[in-house]
Amino acid sequence: MTDDTEPSTAPTKPRCPLCGHEEFQHEKGKIDSQWGMTAHRVDMLVCLRCGNLLLFYEGNTIFDFD
Numbered sequence: 002m003t004d005d006t007e008p009s010t011a012p013t014k015p016r017c018p019l020c021g022h023e024e025f026q027h028e029k030g031k032i033d034s035q036w037g038m039t040a041h042r043v044d045m046l047v048c049l050r051c052g053n054l055l056l057f058y059e060g061n062t063i064f065d066f067d
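What the sequence shown shows, in my numbering, is residues 2 to 67, in sequence order.
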């Protein structure tokens with residue numbers, strides 16, 4: 002007998018590695034290099050329970066107009 006069930010492809014919610022909470026505040030941001038030559042776009046998830054910050058890299062950009 003074979004198992005015909007396919008694995009679920011639904012995205013899973015991220016979980017805070019410190020407290021295990023699953024609710025986050027979503028923010029977008031940009032981090033500049035030390036000398037301002039490059040900038041990196043990031044998605045940030047802030048845990049609503051403990052305030053831990055998860056960063057997800059979206060790539061670098063040459064448009065730095067701050």
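We put the beta carbon where it would ideally sit given N, CA and C, even for glycine.
Query: Assigned exposure category for cysteine 48 - 16 Cβ within 10 Å defines buried; Result: buried
Query: Contacting residues, own chain, Cβ-Cβ under 8 Å from histidine 22 (five flanking each side not counted); Result: Arg16, Cys48, Leu49, Arg50, Cys51
Query: Beta-ladder partner(s) of histidine 22, from DSSP; Result: Per DSSP, none; premise fails for histidine 22.
Query: 8 Å Cβ shell around phenylalanine 25 - same chain, five flanking residues per side excluded; Result: Pro15, Cys17, Leu46, Val47, Cys48, Leu49, Leu55
Query: Cysteine 20 versus asparagine 53: straight-line alpha-carbon distance, rounded; Result: 9 Å
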